[in-house]
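In this note's numbering, the protein residues as written are 144 to 381.
Pasting the structure below:
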């Protein structure tokens, strides 16, 4: 029992992290090869269509109105990413201050079934701090791309060739911003697992299993085949 109690972190924590890592590698492969089968790829495709509709119109007045609406939508996305970046940086500061003042666990050691040595506790803080730092970095990059798309959308007096080039640039900027947004959320998911590690390796491992199951339902689309069939039927009817 002492051996199990002492080395439970060595077995369960890497197992939970590997489960999360393998799932996200599988999700990355699916997103790169079959984007329509992932929620992120489906949403990015919708955003590309949105950019195309925003920048196309019968006359310049309609385009200006559409661009004004588009700038409002991108501004709301920028505000959301800046808000989450601020929260991540604030939590990094709090964790760093806590680490500087104490290496003790804020959970009573009597209720933790696992290793409670100061070195393990320091590793927990470092992992949690690293996750929030990654989240902050990803959200900052997301904000950068959304701000860049703002500049691209509001550029006046463009020729026809420049307008086509602008459309591609705006699509790429919005796509990159959305991808970094998703990466920031994934870093927060890992931070949640590391936070539960403070309660012991068992809650952390169980959380990893449950989170992967929930993310599978959220990230992978099961209605893609139906959408493709309905689109093909509509084209045949048309």
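All residues carry an ideal CB built from backbone N, CA and C; glycine is no exception. Fair warning: this is a prediction, and the values are worked out from it, not measured in the lab.
Have a look at the DSSP bridge pairing and note the partners of residue 363. 181
Using three-state DSSP, classify residue 226 as helix, strand or coil. helix
Helix, strand or coil at residue 199 according to DSSP, with G and I counted as helix: coil
Residue 218: buried (16+ other C-beta within 10 angstroms of its C-beta) or exposed? exposed
What is the rounded straight-line gap between the Cα of residue 151 and the Cα of residue 262? 15 Å
Residue 267 versus 162, 336, 208, residue with shortest Cα-Cα distance: 336
Simplified DSSP assignment, three categories, for residue 315: helix
Tell me the residue span of the alpha helix (DSSP H) that contains residue 261. 261-296
Have a look at residue 371 and residue 363 and give me their C-alpha separation to the nearest angstrom. Because the pLDDT at residue 371 is just 48, under 50, the model does not fix this residue reliably, and the value given afterwards should be weighed accordingly. Approximately 16 Å, taken between the alpha carbons.
What three-state label does DSSP hand residue 258 in the structure shown? coil
Take residue 168 as the anchor and find which of 331, 349, 326, 344 has the nearest alpha-carbon. 326
Helix, strand or coil for residue 346? Go by DSSP, reduced to three states. helix
Taking all protein chains shown into account, decide if residue 352 is buried (16 or more other Cβ within 10 angstroms of its Cβ) or exposed. exposed
Residue 241 versus residue 271 - alpha carbon distance: 12 Å
Among 165, 157, 343, which has the Cα closest to the Cα of residue 260? 343
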